[in-house]
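Residue numbers (our numbering), protein chains in the order written: chain A, 91 to 790; chain B, 10 to 424; chain C, -5 to 95; chain D, -5 to 156.
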Amino acid sequence: MITVALLILLLPLLSFAIQIFFRKFIESKNGEWISIGIQLTTLGLAFYLFAVMIGHYDPHFRIEENVTWFNLGNFSLEMGILIDNISVIMLLVVALISSLVHIYSTEYMKGDIRFSRYYGFLGIFTFSMNGIVLANNFFMIYVFWELVGLSSYLLIGHWWEKNSAADASKKAFITNRVGDIGMFMGLMIIMTVLGTLNYQGVYTGIASGEWEGGIGTLFGGANPHTLLTWAGILLFMGAVGKSAQFPLHIWLPDAMEGPTPVSALIHAATMVAAGVYLTVRIFPILTPDAMATVAFIGGVTAFYAATIAITQNDIKKVLAYSTVSQLGYMIMALGTGAYVAGFFHLITHAMFKAGLFLASGSVIHAMHHALHDIKDHDTDAQDMRNMGGLKSKMPYTYLIFIVASLSISGIPFFSGFLSKDAILAGSWAYASTAHEGWLASMHMAWILPFFGFGAAVITAFYMFRLIFMTFFGESKRPDIFEKMHESPKAMTVPLMILAALSLFFFYTIPSINPFSTHGWFSHVIENPGTVVNFGSTFNLEHFEHANHEAHMPAMILSLIVATLGIGFATLVYLLKKVSAESLASKLGVLYKGSFNKWYMDEFYINGIIRPFLKGCDAVALFDMEYYDHYLINGAGRNTKKVSSGVGVADDLIVDGAVNFSGYIFQWLGWSLKFIQTGRIQNYLIFALIGVVAVFLLNAF
Amino acid sequence: MIESMANWFLSLTWFPQMELASVKLLSVLLVGAGLFAFIAVNAIVLVYVERKVSAFMQVRLGPMRVGPYGTLQTVADALKLLLKEDIIPTLADSILFRVGPFIILISAIVAFAAIPFSPTVTAADMSIGLYYIVSISSIVVVGIVMSGWASNNKWSLYGAMRSAAQIVSYEIPVGLTLLAVVAMAGSLNMNEIIIAQGGSSNLFHWIPLPLPNWYMFNNPFLFIAFFMYIIGATAEINRTPFDLPESESELVAGFMTEYSGIRWALFFLSEYANFTLVAFLTAVVFMGGWQSPFETIFAAKTSLLVLLALALAWTGYVKTKANRLSIYPLAIIGLSTIAAWLFPGFAIWITEPGLFWIAMKVLSLIFLLMWFRWTFPRLRVDQLMYVSWKVLMPIALFNLIGVATWMWLTGEIQF
Amino acid sequence: MGYIESYLALSAILFVLGLYTVSTRRNAVAILMGVELILNAANINFIAFSKFVTHSLDGHVVTIFVVMLAAAEAAVALAIVLNMYNNTGHINVDEANSLKQ
Amino acid sequence: MADLIFWLFWGLTVASASIVAFSKNLIYAVFSLLGTFIGVAAMYIFLNADFVAVTQIVIYVGGILVLLIFGIMLTNRITQTVISESSFQKMFGLTVVFAVLIMVLIPVLGHTWTNGEPMAFQETIHQIGTLLFTDYILLFEVASILLLGALIGAATLARKER
């Protein structure tokens, strides 16, 4: 098992090495199939692991292998592989989507100038993602976390000739760093207090009360949980960065500058899910306050991003904001304690969102070729305002779009319904069980279900807005429309697989009830509860009970809101009963805010970056004018004066002696230089003379 | 042999009583003289044979005038060479010009010291005989370069350089091939190598073959090695198709261009000496040396009868095809057979059967090499080097590993 | 023949002749020849001591290694000499002074 | 008688080595190396080292000497048979080297070296083989690597630049 896991981890690295180092040999010979072959092997191995896992059918299935990485003084860092239900499922998802994207890219990236590099980077991305999934401690996850960031940077900037792509890659990298700093601080806190970073070690350490006392009480005085709360929130900051949660979400829409398959793989299905995965791993150590923070960040993100998605015209931007919103859902689910639902949504979302992205890629691909055919290089191939009526031209893509959109909107018989419903139920239950503290006092907790359901409405609305604008109605650019045609098999087949995986029964087996939540998934994934000893505030059984009760009303409500959203979209964009423009002008400020992403980027630039630069300038000025001028240079000037006095004495007395001995040796050297002829053979003879001399000295 | 010879001398009543060491030295000198005589006569005979064989290959008669069937032709040629004026070119370096041929000749003769003509007739039965022969034959290169340089003639120098390059290159595959045999025999002693080839061949140690257990039949790798050795050895002695160093059409006889008369005769002598040496070495290493393919004296006598029958057939063939009578082989072999049957002590191959068998093998090999000469065209220089470095050497290395594997498989060596 | 001194003396003479060759010749190949003389002198000593003093064959083994080293050294040195000839047109060691100053 | 042969080879060695050292004609020097090598091989045989002697001939005569001859011939413009070569610091060198010779000969001749009876003749090759593959196995392997390195190095160095 461990060997299989290691193979899964390292095979993509091999793919990377081959693609990068043997580029010249394989580039013109369909070298991408090496990577695809490796990826399919990985997929097969992942299936094997999955089969083994399902064969156990045990929520506590767990294999762990640890080796010491290095020792520093009396503490050691470990490396290890952890195979449990979560990581196996994640591995399968990563391997599956990565394989499909590999195959899809053969057509999508055909003729790209850095074709081999692209495949190499896909390989290193898959390697590092697998590393995150297989890591058994927080330090290792951090290492692969950074690697994932790096590969994301490389892939976003794949077309670095475009300024926007280069900027987007830098933005993604730097924004992620902000989160990662928090994560690193969290790691440091845990390391300092517990002395270990292994998941199991941390859980048992906290559960057995090691946190209480010592450094654990640093900030909280008697209450040790203050520091633990901080540790949880700081660790979660990594997830905020990577999963594009509210304050740090700004990089993800820009990341759409990368190739679309990359968006599907990294920015929809896997890398952004890494944040959720991390939250899943830290879930047991989150204190109630930390959980509330997580939940609120998630809820805000879900709702906020959804509102932006309504007004975007770029097909990929819509999907990007939709991704941010859905990630917010997952985070919110974890924050509200609906652990299973959050992870479940991660899986289902990976499938349908990858499908959506790839399908949009198919549309863009077709648009691109059509634009290329009519030699139009100015029109934006991703702008939905140039599309319309594509249903007849691209039937497969259309069908897949429909399936995935129904899934994301939470319509029964699709996977999205199952997971989304569970999340909404979880937030409902959370709100209804919050009886203490500030959450209960102002019914603050009820904001979460409100955000959840609100986002659900909007999601359904903007997804169908996208479909209606793209596939229905009249074509807005008939000249392009003429040239459009369906994408090749290598692109549509992965799409079909992903669309198929958006159907419910893959997740509900052995039950085939589309409303059931008792499939294999909910059996093998079990809410671990919390390991923090904080008394009665959060009670797992209590929560499960509330969750069960909230299930039915939440389901009905979510069905209603989904229908509402779809219906409204139909009214506005298909039947044109309501004019979108007039609606926009009526809503005025709201529309402009949404269209401009609530001015978040502007806020960062004007509110943070510019003042910071100004502050830097001021500090630099102080540094130059006062510190340097008076303190450093002043000291210098005084020293110079003293030195010149000493220098006179030095010149006369010390140098005189030194020069005199110098002259002596110069003369000696001059007289001896005639021995140095530059001929080695002369030196040999001199050496022999020396030998004879030593012999003579010894003899007499 | 030296030891027994010295003792034999001392046992003679009329022999002056001397120190053993001095008698040994005398024996050494005698054996050396004997070897030299053997080589000289051998060269004269082989030149005749070569002419006749080439005539046979080209369906003509060859020398016929001097002596019966031209048998004295080469003697006459040798006399002519001895009586010719000894010319040394004015601009040649006279010391090296004189020394060169002798170095070649001496190295050719000295190598014969380790050749086992029969179990008792071995001039020096050394424990490192094979290595000794290989090492001595490498001295030839120096002599060739010396003569080529001293001639002060560009053709000579080219020929000498080519020859040196060729011999040095082909020493490697030949050495590796011999190494395979040495690994098999576990000894460098020539007689031990021969004795190791006794008995009859059996494949994989259980399938008996109707062949003597000569190394060329011992296992597939040595079978390949045999042919590689023949090729490499042909190259080492500069014979066609590897006779680039002295190719008349390109280099006007190469390093021999400026030589004439007696010095040229020395070259010729040493060339045929090396030729015979290679045939001897092949016979010893791959074909069981002085061992009879048949086990008993009776078998030897019987084989003589077979030879008689062959000679009869040959006579008949020549009679019908060329319409002339050639009874000399028939007469020689017939008389020897009768003599052997009547007086077993008369014919030396009955008392020393080894001499007969090794002679037969050597003569067959010499015939084979002469056959090569009239069959294959000459190689180009680049082809020559290509064959040595890129064909023979990899195969030889492979063979060496193969032989080791074979020995391991058949249980001759264990780990 | 039976005295170790004769071998040692021969070795000493060869060594000194080699040393002379190495230190006075201009030609690089000639210097190599001197080196070979020195190595041969050393080898004679090894073998002589192994016969007369240590009574073991270790000296032979060491000699074989020295011979092997000499072969490797000669091959590499001649390659260098040929390179030098290709670059400068001569192989006089006393003129190979482009690193001077 | 045998002594005579020994001194003959002794003389051959010294004489040819002297030609190597003193000859003005480089060609004579290199060809007289043949005499030195063969003389030294003969010394080995007198010292019961038959295997080493044969190795000496194979490697020195068949290999190194041929290499040296090639080296001489490839690095001179050959127009006549004499490749004259000037030496320098002759008298200086001769004096010093003579001093070294005396210095070496004093202990060599003034010391009792022999340690019991000299070793009688025996077959050396098996013992050498055993020694090579037991006591000296590491050295043997290192030597093989060294040879490989020298082979590749020499080939790389001598190759013409492409």
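Ideal placement from N, C-alpha and C gives every residue a C-beta, glycine not left out.
Residues that residue i bridges to, as DSSP identifies them
i: Leu172 (chain A); result: A:Glu154
i: Thr131 (chain B); result: B:Pro125
i: Pro568 (chain A); result: Answer is none; Pro568 (chain A) lacks a bridge partner.
i: Phe504 (chain A); result: A:Leu593
i: Ser188 (chain A); result: Ser188 (chain A) is not bridged to any residue.
i: Asp473 (chain A); result: A:Asp404
i: Phe160 (chain A); result: A:Leu167
i: Asn253 (chain A); result: BP columns for Asn253 (chain A) are empty, so no partner.
i: Asn288 (chain A); result: A:Asn227
i: Asn86 (chain C); result: C:Asn21
Cβ shell of residue i (< 7 Å), same chain only, five flanking positions each side left out
i: Leu241 (chain B); result: Note that residue 241 (chain B) is Gly in the sequence shown, not Leu. If we look at Gly241 (chain B) and ignore the five residues flanking it on each side, its Cβ neighbours are Tyr179, Pro182, Val183, Thr186 and Leu401.
i: Val184 (chain A); result: Thr216, Met219, Asn220, Val223 and Thr360
i: Gly109 (chain B); result: Gly152, Met155, Ser156 and Ala159
i: Val75 (chain B); result: Leu81, Gln82 and Ala85
i: Ile323 (chain A); result: Ala380 and Thr383
DSSP three-state assignment for residue i, whether helix, strand or coil
i: Met402 (chain B); result: helix
i: Leu41 (chain D); result: coil
i: Phe776 (chain A); result: helix
i: Arg19 (chain C); result: strand
i: Ala262 (chain A); result: helix
i: Ala234 (chain B); result: helix
i: Asn749 (chain A); result: helix
i: Asn39 (chain C); result: helix
i: Ala49 (chain B); result: helix
i: Asn226 (chain A); result: coil
i: Gln766 (chain A); result: coil
i: Gln423 (chain B); result: coil
i: Trp366 (chain B); result: helix
Cβ shell of residue i (< 6 Å), same chain only, five flanking positions each side left out
i: Thr305 (chain B); result: Annotation note: pLDDT 49 at Thr305 (chain B) (below 50); position unreliable, no value reported.
i: Lys450 (chain B); result: Residue coverage of chain B in this structure runs from 10 to 424, which leaves residue 450 (chain B) outside it and unanswerable.
i: Phe215 (chain A); result: Ser241
i: Ser353 (chain A); result: Met346 and Phe447
i: Met477 (chain A); result: Thr560
Contacts around residue i, its chain only, beta-carbon distance under 8 Å, and the 5 residues preceding and following it disregarded
i: Glu692 (chain A); result: Asn686
i: Leu44 (chain B); result: Ile118, Phe121, Ala122 and Ala132
i: Ile85 (chain C); result: Asn21, Ala22, Val23, Val75, Met78 and Tyr79
i: Met199 (chain A); result: Phe205, Tyr208, Pro349 and Pro351
Please specify which runs of the alpha helix (DSSP H), each continuous and at least 4 residues long, are wholly inside the region 663 to 746 of chain A, giving them in chain order. 670 to 677, 679 to 685, 700 to 712 and 723 to 739
Is the number of C-beta pairs between the region 176 to 191 of chain A and the region 223 to 230 of chain A that are closer than 8 Å three or more? yes
Just to confirm the assignment: which complete beta strand (DSSP E) runs, minimum length 3, are found wholly within the region 35 to 121 of chain D? none
Sufficient close CB pairs (3 or more, under 8 Å) joining the region 133 to 151 of chain A to the region 199 to 209 of chain A: no
Can you confirm whether the region 238 to 252 of chain B touches the region 773 to 790 of chain A when touching is taken to mean that 3 or more C-beta pairs between the two stretches lie within less than 8 Å? no
Any chance the region 154 to 168 of chain A sits against the region 123 to 141 of chain A, with 3 or more Cβ pairs inside 8 Å? no
Beta strand (DSSP E) runs wholly inside the region 315 to 381 of chain A, at least 3 long, in chain order: none
Within the chosen definition, does the region 478 to 497 of chain A reach the region 586 to 600 of chain A through at least 3 CB pairs nearer than 8 Å? yes
Can you find at least 3 beta carbon pairs, one from the region 381 to 399 of chain A and one from the region 537 to 552 of chain A, that sit closer than 8 Å? yes
Decide if the region 79 to 93 of chain D is in contact with the region -5 to 15 of chain C; the criterion is three or more beta carbon pairs, one per stretch, under 8 Å apart. yes
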